[in-house]
Amino acid sequence: MKQKFTTSFISAEETCPVRFQVLWPHKSRAEECTIDVDHSIGARHVGAFDESGQLVGVCSLFEQTSERNPKALPSGEAVYRLRVMGTTPEVRGSGAGASIVEFACAWCREQGVEWLWCDAREVAFGFYERMGFDFVSGAYQVPEIGTHRMMARKL
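The numbering of the sequence shown is our numbering, which starts it at 1 and goes up by one.
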């Protein structure tokens, strides 16, 4: 059943509990769930909140091209990367993830970004396809995480 979510920018630190619960439960604690570019210039972090105000999903956005697949997107076009996206198990399939992606895409378009791309986990391929992303690479392995493919959406 679809729910109503409020989506807004949050701090990098606010993303850590959801990152820990959903993406990196193998880490020791939530405070370890940071990435090297969390505070880079242009970084933005997005949170989805349920009707009670509970943070139930996150993603982070970075002005970044793909080092693994540098020719996957047209050169000379503005790109942003969507990273560390996840929603808590209790809201999966209810629209939280879609609200995050649409918020991120709208903000990117306002900034003049032409492409939004991500390294998608195999379990999320279907979600990203439904959100308008296409595969732009073959499969590759991320240690401790599993199979991924690069996906991108023209904005």
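Quick reminder that beta carbons are idealized off the backbone N, C-alpha and C, glycines included.
Query	Result
GLN26 burial status per 10 Å Cβ neighbour count (16 or more: buried)	Gln is not the amino acid found at residue 26; the sequence shown has His there. By the neighbour-count rule (16 or more Cβ atoms within 10 Å), HIS26 is not buried but exposed.
Extent of the continuous alpha helix (DSSP H) run through ALA48	Careful: ALA48 lies outside any alpha helix (DSSP H), inside the beta strand (DSSP E) at 44-49.
Cβ-Cβ distance between MET151 and ALA120 below 7 Å	yes
Cut-off 6 Å between Cβ atoms - residues of its own chain near VAL91, not counting five sequence neighbours on either side	VAL56
Complete runs of the beta strand (DSSP E) confined to the segment 62-119 [at least 3 residues]	79-87
Residue environment, TYR140, which counts as buried when at least 16 other CB atoms sit within 10 Å	exposed
Touch test, the segment 4-19 against the segment 64-81, Cβ-Cβ under 8 Å, three pairs minimum	no
Neighbourhood of VAL113 by C-beta, 7 Å cutoff - its chain only, sequence neighbours within 5 removed	ALA78, VAL79, TYR80 and LEU155
Proximity winner among PRO89, ILE41 and GLY53, relative to THR6 (alpha-carbon distances)	GLY53
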